[in-house]
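*Asks:* Heads up: the sequence shown begins at 1 in UniProt numbering, then just goes up one per residue. For glycine and all other residues, C-beta sits at the position ideal for the given N, C-alpha and C. All of these numbers come straight from a predicted model, not from anything done at the bench.
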Amino acid sequence: MITGCRKSQELPQPVYAPIPYEVDLPSHFPEMEQPADNPMTVQGVYLGRHLFWDDRLSGDNTMACADCHLPQYAFSDNNATSVGIDGVFGTRNSMVLQNLAWSNDFFWDGRAVTLEEQVLMPVEDPIEMHESWSHFMNEIRDDETYKTLFFEAFGVVAFDSTHAAKALAQFLRSMVSCNSKYDKILEGTATFTIQEQAGFDSFNALSGGDCFHCHGGSLTTDFSYKNNGLDAVPLDSGRGRVTGDPADYFTFKVPPLRNLEYSAPYMHDGRFATIDEVINHYSVGLEHTSPNISPLMEFSAQGGVQLDPQERAELKAFLMTFSDPDFINNPDFRNPW
1 MITGCRKSQE
11 LPQPVYAPIP
21 YEVDLPSHFP
31 EMEQPADNPM
41 TVQGVYLGRH
51 LFWDDRLSGD
61 NTMACADCHL
71 PQYAFSDNNA
81 TSVGIDGVFG
91 TRNSMVLQNL
101 AWSNDFFWDG
111 RAVTLEEQVL
121 MPVEDPIEMH
131 ESWSHFMNEI
141 RDDETYKTLF
151 FEAFGVVAFD
161 STHAAKALAQ
171 FLRSMVSCNS
181 KYDKILEGTA
191 TFTIQEQAGF
201 DSFNALSGGD
211 CFHCHGGSLT
221 TDFSYKNNGL
231 DAVPLDSGRG
241 RVTGDPADYF
251 TFKVPPLRNL
261 EYSAPYMHDG
271 RFATIDEVIN
281 HYSVGLEHTS
291 PNISPLMEFS
301 AQGGVQLDPQ
311 ERAELKAFLM
321 TFSDPDFINN
331 PDFRNPW
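#1: Which value, in whole angstroms, describes the spacing of the CA atoms of K7 and Q13?
#2: State the DSSP-derived secondary structure class of R89, mapped to helix, strand or coil.
#3: Under three-state DSSP, which class holds F52?
#4: Assuming P85 contacts T114 (C-beta within less than 8 Å), just tell me the rounded distance between them.
#5: First and last residue of the alpha helix (DSSP H) that includes H28?
#6: If you measure between the beta carbons of S202 and E314, is that distance less than 8 Å?
#7: State yes or no: is the beta carbon of D77 nearer than 8 Å to at least one beta carbon in chain C?
#8: Going by C-alpha distance, which of N329, Y262, G229 is nearest residue 338?
#9: Does the stretch 188-206 come close enough to the stretch 72-82 to have 3 or more Cβ pairs within less than 8 Å?
#10: Taking C-alpha atoms, which residue in R258, G199, R241 lies nearest to G217?
#11: Taking the C-alpha atoms as reference points, what is the distance between P39 and Q302?
#12: Could you please give the first and the last residue of the uninterrupted alpha helix (DSSP H) stretch that includes Q195?
#13: Let me know if T145 comes out buried or exposed under the rule of 16 or more other beta-carbons within 10 Å of its beta-carbon.
#14: Classify M1 as helix, strand or coil using the three-state DSSP reduction.
#15: Looking at the structure shown, is V83 part of a helix, part of a strand, or coil, going by DSSP?
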């Protein structure tokens, strides 16, 4: 009887039986590729979600990844540049987290080649989360929730930062935005308004907004690095600091335009508070003497593409069709704790 009582009080043991994580993509999206050594699983994504929302990842246990990547801001934040745990502001705007599975490198300057590499960096950055991975892993070593989640995701009892990075990367890859009005139009289940159609035409016309070179396709970015004429004398060397290539100086990653409605402020330094300011920059605000300005800025010598007020309103109306409320409200991306 004593033995039977003990058995009845035992907790169920975790099981390592990973289930492949499936993402339902629309037909106009490219195929999602995954690393051979880190395929997405239901259990891995779930573990990554816990890590993403865990404020123990910061040195003083007050800041999680999610604090600079909030759902209501398309998983960015509403500051020009984000502030870390020590009250120090960084120099760049928090990037949106969406459709990262298709990106070939990460951060505004592309200094991380893989998501598994990228997720490690903010934690140990002294301006951001100011924590060491070894300290965090020791902090959660005896956490029963994590012991179960790491075993279910990777079949390990002794887990480390490599497992944590893989789980975080899996979670970030699961964050796919593909249900905007624009997507529904491409799928044939919705139509543009007259104003949106005019904006779409301008977006894709060299003689209009001329946005399509960098922001075309279903992902609304070509993942390249460009100088878009923000400053005659730039203060941030951008990708050039990473590669050392003179042609890369003052260039930054082309961001996606999906969920633009939610992700203000804009540009790598958050200088523009509104979409109207962004459109105005490309219309009349280009600095054509900016070093390494992209040759795709064909109208930079005249300050931009010179859209009139109606054309700007039409372009903005089209950009709003990239909004995906289902994405920012998806419960699968919210705090699991």
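*Replies:* Let me spell this out:
#1: Confidence at K7 is low in this model, with a pLDDT of 48, below 50, so the placement of that residue should be treated as unreliable; the coordinate-derived value is given next. Looking at the two C-alpha atoms, the distance is approximately 12 Å.
#2: Looking at the sequence itself, residue 89 is Phe, so the reference to Arg does not match. F89: strand per DSSP, three-state reduction.
#3: Residue state, collapsed to three classes: helix.
#4: It should be noted that the sequence gives Ile, not Pro, for residue 85. Actually they are not in contact, since the Cβ atoms of I85 and T114 sit about 26 Å apart, beyond 8 Å.
#5: Unbroken run through H28: none, as it is neither H nor E.
#6: A Cβ-Cβ contact shorter than 8 Å links S202 with E314.
#7: Among the chains in the structure shown there is no chain C, since it carries only a single protein chain.
#8: Residue numbering for the chain in the displayed model covers 1 to 337; residue 338 lies beyond these limits and cannot be assessed.
#9: no
#10: R258
#11: 49 Å
#12: 194-203
#13: The residue in question, T145, is exposed, as its Cβ has fewer than 16 Cβ neighbours within 10 Å.
#14: Note on M1: pLDDT 41, under 50, position unreliable in the model; the coordinate value appears next. Residue state, collapsed to three classes: coil.
#15: Looking at V83 - three-state DSSP - the assignment turns out to be strand.
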